[in-house]
Amino acid sequence: MHGALLLAVSFSFLAQNIALCGEVTQGGSCSTADDHIDPASHKFLSDCDDTTFCSPSSAGSSNGTCQPRTCRRDEFPFGYNKSPSLPPLCSRGSFCPDEGSGCKPLLAPGQACQLNRDDQCAPPPDWHELASNQNFNGSLCLRSTCTYANASLGQTCIVDDVTYIDIGPTGQQYSNTITRDNCQTPKLYCDRSSTQCIPTKALGEVCDADRECQTYSCGTSGTCASPPSMPFHVSAWQFVVTAFSVVAAMATIIMMLVILHKRLRLQRYREIREYYEEQMRLRRSMAALHAAAAERYEDVK
């Protein structure tokens with residue numbers, strides 16, 4: 014999954030709390046007629062829980078039993094917790110359907126696919142030229158039909174809108190519409206009014222959606238902007254100013270430390286000198302007292 018598909022799946026997971034799967038466990042009775050897509054989250058739902066799928070008991074009958082899923086599409090599938098017995102991933106050239114009923118061969122263009130499952134469609138022969146972050150190896154599942162992302166400039170194109178609804182903590186509904194088309198991305202996009210592929214817009218041009226921009230990022234100001242993942246290039250003068258600021262800060266700190274050290278040494282020197290002078294005064298006083306006592310002793314003698 015790439016680009017818009019990954020974003021669409023992320024919104025589907027956000028709405029899982031309001032789109033719960035069935036509660037029938039392995040071996041329980043179910044009906045394939047109850048298999049459906051949740052209108053808000055577009056998550057696949059059935060009578061069975063997240064680790065099983067509804068297998069019909071006989072041909073032409075919708076009644077069946079919940080059987081363990083035999084494949085998975087995600088590295089860490091929902092509902093298994095830390096179970097060591099995960100179903101296997103499908104090999105190259107096959108896909109696992111939403112219900113997990115088993116790996117199936119990739120679908121040719123025109124065949125029916127499940128919602129937002131570009132990975133169910135077989136890639137075109139020139140997939141390496143058509144592949145981008147807005148499709149899966151050059152293939153798309155638009156309007157539940159496999160197609161190639163190969164519509165060129167001026168050709169008629171297909172626009173597919175899918176709206177995801179999530180309920181916030183206060184009960185308020187939030188919607189997000191994902192729009193995709195089969196034009197050669199990222200250099201073209203499908204114009205909704207003419208249903209023809211036209212060139213994507215450069216930085217600073219007015220836009221209504223991300224898909225209209227070469228960078229696939231329409232800013233809040235309504236113009237094409239650099240995507241958040243775009244590396245930030247620093248100019249040479251910014252390097253010089255930053256280096257000068259660092260050196261100046263280091264020199265300032267060193268000078269402050271030197272001045273502080275000198276002041277501390279001067280204070281220590283004054284304390285030692287005062288102590289020395291006090292000791293000399295005491296010594297002179299003791300010498301004078303001793304001399305006076307000796308002189309008095311001589312007088313008395």
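For what it's worth, this note's numbering labels the leading residue of the sequence shown as 14, then goes sequentially. All C-beta atoms, glycine included, are put in the ideal place defined by N, C-alpha and C.
If you draw a straight line from the Cα of T233 to the Cα of S157, it comes to about 31 Å. With a beta-carbon spacing of about 11 Å, D51 and S59 fall beyond the 8 Å limit used to define contacts. By the criterion of at least three beta-carbon pairs nearer than 8 Å, the segment 128–140 is in contact with the segment 156–175. Given a length threshold of 3 residues, each whole run of the beta strand (DSSP E) inside the segment 192–234 is given here in chain order: 201–204, 209–212. In the DSSP assignment, Y310 falls within the alpha helix (DSSP H) that extends over 249–313. With a cutoff of 7 Å on beta-carbon distance, S242 and T198 are scored as not near each other. Here the segment 109–127 lies against the segment 74–85, with 3 or more beta-carbon pairs under 8 Å apart. C203 is positioned such that its CB atom lies no closer than 7 Å to that of V175. Only buried fits Q147, as 16 or more other CB atoms lie within 10 angstroms of its CB. Under the DSSP assignment, L155 falls in the beta strand (DSSP E) whose first and last residues are 152–155. C170 is a Cβ neighbour of T208, given a cutoff of 7 Å. A direct Cα-Cα distance of roughly 56 Å separates V313 from R276. Taking every protein chain shown into account, the CB of T65 has 16 or more other CB atoms within 10 angstroms, so this residue is buried.
The alpha carbon of F108 has as its nearest neighbour, out of A135, F91, N94, A305, the alpha carbon of A135.
Setting aside the 5 residues that flank it on each side, D139 has no residue in the same chain whose C-beta is closer than 6 Å to its C-beta. Here the C-alpha atom of P244 lies approximately 23 Å from the C-alpha atom of L201.
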